[in-house]
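For reference, the structure discussed in these notes is given below.
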Amino acid sequence: MNGAILIDKPKGLTSTQVVEEVKRKLKAKKVGHTGTLDPIATGLLILLVNRTTRFAQFLLSFPKTYIFTLKFGAQTDTYDVQGKVLKTFEGALNCRKLKEILSKFQGEILQTPPPFSAKKVKGKRAYELARKGKKVELKPVKIKVYNLELLECIPELKEAKLCAEISSGGYIRSLAQDIGQKLGIGAYVKELRRTKIGEISVDEAVNLEEFTRAEKPEEYIIPVENLFRTIPEIKLGSFEAGKILHGQSILVREYDYNGLVKIFDNGKFIGIGELKGGVLRPKRLLV
């Protein structure tokens, strides 16, 4: 039993709790997720089952799309609605100014992860230190914001709904904090939903409650190769595939392409490889 399950995570559960529930229901040896969602967040979690967990690194690198609501007028220690309010602001929310500011957060930007995050500081998780009241100093990292759109702005509620597509390693909570600082009235995340990972949509996912009620939960497992929709494929014969499966590189000059590829052996997916200068080498194999 290998493959992937697309889960629409409910609010209130950690990603680890969802993983454990799916693992228990499937009676699987191994289940892993491909990108954490905060407990307050809902939306797409891609879970990999058994041997397919070895492909997690490729999915982790996919950009993520979120729809989220910002609450202006305050800053919290967690940068979201669950945190302790550190400071309040009296200023009004100016929708025109907000729209102008959003353009400054598109493209490559430097972003400091939230103190309440899984980033490591001297071998310890940042959130472990933050919970103890210790000062957490994290270095800014370069991320990419591919798209940042204002969907709705409600000045009387001091709220705005946005859609963002960001690179791996980016935090919507930090984006909220930075937008609030730029506006001068503070902001934090009130609601957060992940709608896409790469080209995979939450519309394709199953509700966790529905999954746990299913008599045949394994029917929700899809082939892992279905997740790599933008990666081209290479079809090999048994002899060439045998070399790949033994960790050897092979020549495939008929493919004028450099980058990651899905490798098939007579129609059967066997792994992900890298093609460069006509040479194909295996990176992660299913068997």
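With my numbering, letter number 24 in the sequence shown gets 146, and the count goes up by one each step, no holes. No residue lacks a Cβ here, since even glycine has one placed at the ideal position from N, Cα and C. Keep in mind the model is a prediction, meaning the values are calculated, not measured.
Exercise. Given a threshold of 16 other Cβ atoms within 10 Å of its Cβ, counted over all protein chains shown, does D325 qualify as buried or as exposed?
Worked result: Residue 325 sits at position 203 when you count from the first residue of the sequence shown. Result: exposed.
Exercise. Between the Cα of D199 and the Cα atoms of S239, L182, R176, which residue gives the shortest distance?
Worked result: On the sequence shown, position 77 is the one that residue 199 refers to. When each option's Cα is compared against that of D199, the closest is S239.
Problem set entry | 8 Å contact criterion, which K131 and G165 should meet: CB distance rounded | Locating residue 131 in the sequence shown gives position 9, counting from the first residue. Locating residue 165 in the sequence shown gives position 43, counting from the first residue. Yes, they are in contact, since the Cβ atoms of K131 and G165 sit about 6 Å apart, within 8 Å.
Exercise. So, is L181 buried or exposed, given that buried needs 16 or more other C-beta atoms within 10 angstroms?
Worked result: Mapped onto the sequence shown, residue 181 falls at position 59. It is buried - the Cβ of L181 has at least 16 other Cβ atoms within 10 Å.
Exercise. When the Cα of G389 is compared with those of E321, E347, E278, Q233, which residue comes out closest?
Worked result: Your numbering for residue 389 matches position 267 in the sequence shown. Comparing Cα positions, the closest option is E347.
Exercise. What three-state label does DSSP hand P277 in the structure shown?
Worked result: Residue 277 sits at position 155 when you count from the first residue of the sequence shown. P277 falls in the helix class under three-state DSSP.
Exercise. C275: which of L314, E331, N216, G134 sits nearest, CA to CA?
Worked result: Along the sequence shown, one-based indexing puts residue 275 at 153. Comparing Cα-Cα distances from C275 to each of L314, E331, N216, G134, the minimum goes to N216.
Exercise. Can you tell me whether DSSP reads P88 as helix, strand or coil?
Worked result: In this structure the chain extends from 123 to 409, so residue 88 is not present and cannot be described.
Exercise. Any contact of the stretch 260-271 with the stretch 203-211, i.e. 3+ C-beta pairs under 8 Å?
Worked result: no
Exercise. Considering only residues of the same chain and omitting the five flanking positions on each side of S296, which have a CB-CB separation below 8 Å?
Worked result: Working through the sequence shown from its first residue, we reach residue 296 at position 174. Only Y201, Q233, T234, P235, P236 meet the Cβ criterion.
Exercise. Going by the beta-carbon positions, is the gap between P339 and K147 smaller than 8 Å?
Worked result: Numbered from its first residue, the sequence shown carries residue 339 at position 217. Numbered from its first residue, the sequence shown carries residue 147 at position 25. Taking 8 Å as the Cβ cut-off, P339 and K147 qualify as a contacting pair.
For this session: Given a cut-off of 8 Å, decide if A336 and I129 are closer than it, judged by their beta-carbon atoms.
Result: As a first step, residue 129 is located in the sequence shown; it is residue number 7 there, counting from the start. As a first step, residue 336 is located in the sequence shown; it is residue number 214 there, counting from the start. Going by C-beta atoms, I129 is not nearer than 8 Å to A336.
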